[in-house]
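Student:
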Amino acid sequence: MDTSVLLALRDPAGVPFYPIVFQVLYVLTWALHAAFVLLSLGSMGLSLYGSAKGNLDKHWSILTPHLIQTGKISVSILIVLGVAPLLFTQVIYDPNWYVTNTLSGMWVFIFIYTLVVGYSMYYWYYYANKAQKPGSSLIGLISFGILVFAGILMHNFAVTSIMPNDWMNMYAPNGNVDTSGWTFNVDVIRLAFMVSLSIPVVGIFLQNYSRFLSTRKDFEESFIKYTASLGTNLAVFGLLISAVAFLLWMLQIGYLLHPVSIAIVVGVLILLFMAKINSNSYYTTLVLVVVALLISTMREVIRFDIMAGLGYSIYDYPVNLEIPTIVMFLATFLIMGFVGVAYLLSMAWKVGKNEGVFDGSRDALVSKLGKSTLYIMIVWMAIYFAWGIAILFNNIL
Ligand code: HEM
Numbered sequence: 247m248d249t250s251v252l253l254a255l256r257d258p259a260g261v262p263f264y265p266i267v268f269q270v271l272y273v274l275t276w277a278l279h280a281a282f283v284l285l286s287l288g289s290m291g292l293s294l295y296g297s298a299k300g301n302l303d304k305h306w307s308i309l310t311p312h313l314i315q316t317g318k319i320s321v322s323i324l325i326v327l328g329v330a331p332l333l334f335t336q337v338i339y340d341p342n343w344y345v346t347n348t349l350s351g352m353w354v355f356i357f358i359y360t361l362v363v364g365y366s367m368y369y370w371y372y373y374a375n376k377a378q379k380p381g382s383s384l385i386g387l388i389s390f391g392i393l394v395f396a397g398i399l400m401h402n403f404a405v406t407s408i409m410p411n412d413w414m415n416m417y418a419p420n421g422n423v424d425t426s427g428w429t430f431n432v433d434v435i436r437l438a439f440m441v442s443l444s445i446p447v448v449g450i451f452l453q454n455y456s457r458f459l460s461t462r463k464d465f466e467e468s469f470i471k472y473t474a475s476l477g478t479n480l481a482v483f484g485l486l487i488s489a490v491a492f493l494l495w496m497l498q499i500g501y502l503l504h505p506v507s508i509a510i511v512v513g514v515l516i517l518l519f520m521a522k523i524n525s526n527s528y529y530t531t532l533v534l535v536v537v538a539l540l541i542s543t544m545r546e547v548i549r550f551d552i553m554a555g556l557g558y559s560i561y562d563y564p565v566n567l568e569i570p571t572i573v574m575f576l577a578t579f580l581i582m583g584f585v586g587v588a589y590l591l592s593m594a595w596k597v598g599k600n601e602g603v604f605d606g607s608r609d610a611l612v613s614k615l616g617k618s619t620l621y622i623m624i625v626w627m628a629i630y631f632a633w634g635i636a637i638l639f640n641n642i643l
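In structure tokens form, the structure reads like this:
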């Protein structure tokens, strides 16, 4: 691929802030997206095992609905969190993202419906399981398959976007233009690695689940022990599978001895040790977050290198500083985002720790955070609309 073609595909308006900031935000937000992708696939997959066991097993009859609920919430979070890396990637790697969306246009279209059907069926699975309907496992299985397929489609977009040298051939194979939008590329090892991570993620989640519930008197000791050891087994087994898939992937693309790759291997070894002894799973989770960030960095290093090899560097993207936009974005992200998330998390934590009904209005921290979130949102909306309308009138009057 000729550098001039890639440069011509960039946005002539340039980027509104320094590209490295978008790159860092991409790495950060993709790791968050991936965390919930893996948690949703892992908990949903495990819930299928539980629902196949039925209500006869006393541990699984408690665990299965909880896993279904975890997966259900995680899908909605992964969708919201998927938007962020999508925005950042289309700011700095717009040639890649838009070429992919053109070549795989039909799949992009299908992706939306895949998500709608897959997630709607998940709700069906949730209600059918709650009502103990006989076909609930089958519905869950179909929903799981559809959501995994959504992941395969995402993988196709990611892989196609880093194949600029093959774009012309995909667009016009043997010189005949193909505008069907059915381009589909899969890198089996990379995909296997990504999806396999859902096993250790649900394992470490279960360790946390068990630790979190261990302070509650209404959960039997045997259940706490069972979920902890199930979590340990899944985490260790899953980490070993993911490690093999990762090494194969790195070997295949020649990045085995890259510093980020080595850091990931070290991180996985530490995780293996921590997951195995399970002395405090909250610390294991912190290491998992670091490893997730490293994996996200690895993906970016691969893309950056491919593009640099073709003479495209995001650092050369023309910058057209737009300070007000950035201030608005950062204020929204940091102030509204952090306070809002702190409110939701603190409430969820306290609801889970509480036996019986938790009344947030009687809790000082929760009600303070709740009120702050509300006021900040009101101020945010006022500024957002006033600013937008002022700029609009300023431009047209
Ligand atoms: C059940 C639904 C989804 C699943 C299972 C899923 C899974 C994945 C996976 C496995 C990847 C990594 C692919 C790779 O690097 O090979 C990925 C990347 C990504 N996903 Fe998702 N995803 C889902 C929904 C979404 C949604 C709804 C959005 C946006 C609104 C989104 C945005 C992204 C973005 C921006 C990337 C990075 C693409 C790139 O770097 O080129 N995903 N997703």
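Note that the working numbering has the sequence shown beginning at 247, numbered continuously upward. Heads up, the beta-carbon is just placed ideally off N, CA and C, and yes, glycines get one too.
1) What number of angstroms, rounded off, separates the C-alpha of Ser289 from the C-alpha of Leu567?
2) Kindly indicate if chain D contains any beta-carbon less than 8 Å away from that of Ala489.
3) Would the region 322 to 332 count as touching the region 275 to 291 if we require 3 or more Cβ pairs under 8 Å?
4) If you pair each beta-carbon of the region 254 to 274 with each one of the region 410 to 421, do three or more pairs fall below 8 Å?
5) Could you please give me the residues that DSSP links to Val261 through a beta bridge?
6) When you compare only the Cα positions, how much space is there between Ala418 and Asp248?
7) Any heavy atom of the ligand HEM within a distance shorter than 7 Å of the CB on Leu324?
8) Quick one: any contact between the region 373 to 381 and the region 346 to 356, if contact means 3 or more CB pairs under 8 Å?
9) What is the DSSP secondary structure of Arg549, counted as helix, strand or coil?
10) Consult DSSP for Gln336 and reduce its assignment to one of helix, strand or coil.
11) Here's the rule: buried if 16 or more other CB atoms are within 10 angstroms of the residue's CB, otherwise exposed. What is Val565?
12) Counting pairs of beta carbons, one from the region 535 to 546 and one from the region 376 to 395, are three or more of them closer than 8 Å?
13) Please look up how many angstroms separate the CB atoms of Thr310 and Ser297, rounded, as I've assumed it's under 8 Å.
14) Cβ atoms of Ile388 and Val432: under 8 Å apart, would you say?
15) Spatial neighbours of Val405 within its chain, please: CB distance less than 6 Å, with the 5 preceding and 5 following residues excluded, ordered by chain position.
16) So, Ala489 versus Val514, is the Cβ gap smaller than 8 Å?
17) Below 8 Å, can you find three or more Cβ-Cβ pairs linking the region 618 to 631 to the region 577 to 590?
18) Between the region 489 to 502 and the region 354 to 364, do at least 3 Cβ pairs fall closer than 8 Å?
19) May I ask which residues mark the beginning and end of the alpha helix (DSSP H) holding Trp413?
20) Give the secondary structure of Thr531 by DSSP, where H, G and I count as helix, E and B as strand, and everything else as coil.
21) Would you kindly work out how many angstroms separate the C-alpha atoms of Gly555 and Glu467, rounded to a whole number?
22) Tell me the rounded alpha-carbon separation between Leu324 and Leu284.
23) Is any non-hydrogen atom of the ligand HEM found closer than 7 Å to the C-beta of Met400, if you look at the structure I gave you?
24) Less than 8 Å between the C-beta atoms of His312 and Phe469, yes or no?
25) If I follow the unbroken alpha helix (DSSP H) through Leu399, where does it start and stop?
26) Between Leu255 and Ile572, what straight-line distance do the alpha-carbon atoms span, to the nearest angstrom?
27) Could you check if Val597 is buried or exposed, using at least 16 other CB atoms within 10 Å of its CB as the buried criterion?
28) Taking the CB atoms as reference points, tell me whether Ile548 and Tyr472 lie closer together than 8 Å.
29) Secondary structure at Asn420, three-state DSSP: helix, strand or coil?
30) Apart from the five residues on each side of it in sequence, which residues of its chain come closer than 6 Å, Cβ to Cβ, to Ala438?
31) Looking at the structure shown, is Ser426 part of a helix, part of a strand, or coil, going by DSSP?
32) Contact defined as beta carbons within less than 8 Å: I believe Thr478 pairs with Lys599. What is the distance between those atoms, to the nearest angstrom?
33) May I have the straight-line CA-CA distance separating Lys299 from Val447, to the nearest angstrom?
Tutor: So, from the data block:
1) Here residue 289 is taken as the residue at index 43 of the sequence shown, counted from 1. Here residue 567 is taken as the residue at index 321 of the sequence shown, counted from 1. Approximately 43 Å between the Cα atoms of the pair.
2) Annotation note: the requested chain D is absent from the structure, which comprises a single protein chain.
3) yes
4) no
5) Residue numbering aside, residue 261 sits at position 15 when the sequence shown is read from its first letter. Answer is Val565, bridged to Val261.
6) The count along the sequence shown starts at 1 and reaches residue 418 at position 172. The count along the sequence shown starts at 1 and reaches residue 248 at position 2. Taking the straight line joining both Cα atoms gives about 16 Å.
7) On the sequence shown, position 78 is the one that residue 324 refers to. Checking the Cβ of Leu324 against the ligand HEM gives yes.
8) no
9) By one-based count along the sequence shown, residue 549 stands at place 303. Reduced to three states, the DSSP call for Arg549 is helix.
10) For this step, residue 336 is matched to residue 90 along the sequence shown. Three-state DSSP puts Gln336 in a helix.
11) Here the question's residue 565 lines up with position 319 in the sequence shown. Its Cβ having fewer than 16 others within 10 Å, Val565 is exposed.
12) no
13) Position 64 of the sequence shown, counting from 1, holds the residue named residue 310. Position 51 of the sequence shown, counting from 1, holds the residue named residue 297. With 8 Å as the limit, Thr310 and Ser297 qualify as a contact, their Cβ atoms being about 5 Å apart.
14) Taking the sequence shown and counting its residues from 1, one reaches residue 432 at position 186. Taking the sequence shown and counting its residues from 1, one reaches residue 388 at position 142. Going by C-beta atoms, Val432 is not nearer than 8 Å to Ile388.
15) Locating residue 405 in the sequence shown gives position 159, counting from the first residue. The answer, listed in chain order, is Asn431, Asp433.
16) As a position in the sequence shown, residue 489 is number 243, starting the count at 1. As a position in the sequence shown, residue 514 is number 268, starting the count at 1. Going by C-beta atoms, Ala489 is nearer than 8 Å to Val514.
17) yes
18) no
19) Locating residue 413 in the sequence shown gives position 167, counting from the first residue. Taken as a continuous stretch (DSSP letters only), the alpha helix (DSSP H) holding Trp413 covers 410 to 417.
20) The residue labelled residue 531 in the question sits at position 285 within the sequence shown. Of the three classes helix, strand and coil, the one that applies to Thr531 here is helix, per DSSP.
21) Against the sequence shown, residue 555 aligns to sequence position 309. Against the sequence shown, residue 467 aligns to sequence position 221. C-alpha separation (whole angstroms): 57 Å.
22) Mapped onto the sequence shown, residue 324 falls at position 78. Mapped onto the sequence shown, residue 284 falls at position 38. Each residue's Cα considered, the two are about 9 Å apart.
23) For the purposes of this step, residue 400 is taken as residue 154 along the sequence shown, with counting starting at 1. Yes, the ligand HEM has a heavy atom inside 7 Å of this Cβ.
24) Numbered from 1 along the sequence shown, position 66 holds the residue referred to as residue 312. Numbered from 1 along the sequence shown, position 223 holds the residue referred to as residue 469. Result no, Cβ atoms of His312 and Phe469 do not sit closer than 8 Å.
25) Here residue 399 refers to the residue found at position 153 when the sequence shown is read from its first residue. Note, Leu399: alpha helix (DSSP H), 382 to 407.
26) In the sequence shown, counting from the first residue as 1, residue 255 sits at position 9. In the sequence shown, counting from the first residue as 1, residue 572 sits at position 326. Roughly 24 Å between the two C-alpha positions.
27) For the purposes of this step, residue 597 is taken as the residue at position 351 of the sequence shown. When all chains shown are included, Val597 counts as exposed.
28) By 1-based counting over the sequence shown, the position of residue 548 is 302. By 1-based counting over the sequence shown, the position of residue 472 is 226. Contact: no.
29) Within the sequence shown, numbered from 1, the residue matching residue 420 stands at position 174. If DSSP states are grouped into helix, strand and coil, Asn420 belongs with the helices.
30) Residue 438 sits at position 192 when you count from the first residue of the sequence shown. These residues qualify, in order along the chain: Ala491.
31) For the purposes of this step, residue 426 is taken as residue 180 along the sequence shown, with counting starting at 1. If DSSP states are grouped into helix, strand and coil, Ser426 belongs with coil.
32) Along the sequence shown, read from residue 1 onward, the residue named residue 478 stands at position 232. Along the sequence shown, read from residue 1 onward, the residue named residue 599 stands at position 353. At roughly 23 Å, the Cβ-Cβ gap does not stay under 8 Å, so Thr478 and Lys599 are not in contact.
33) As a first step, residue 299 must be located in the sequence shown, where it is residue number 53. As a first step, residue 447 must be located in the sequence shown, where it is residue number 201. The alpha-carbon atoms of Lys299 and Val447 are separated by roughly 22 Å.
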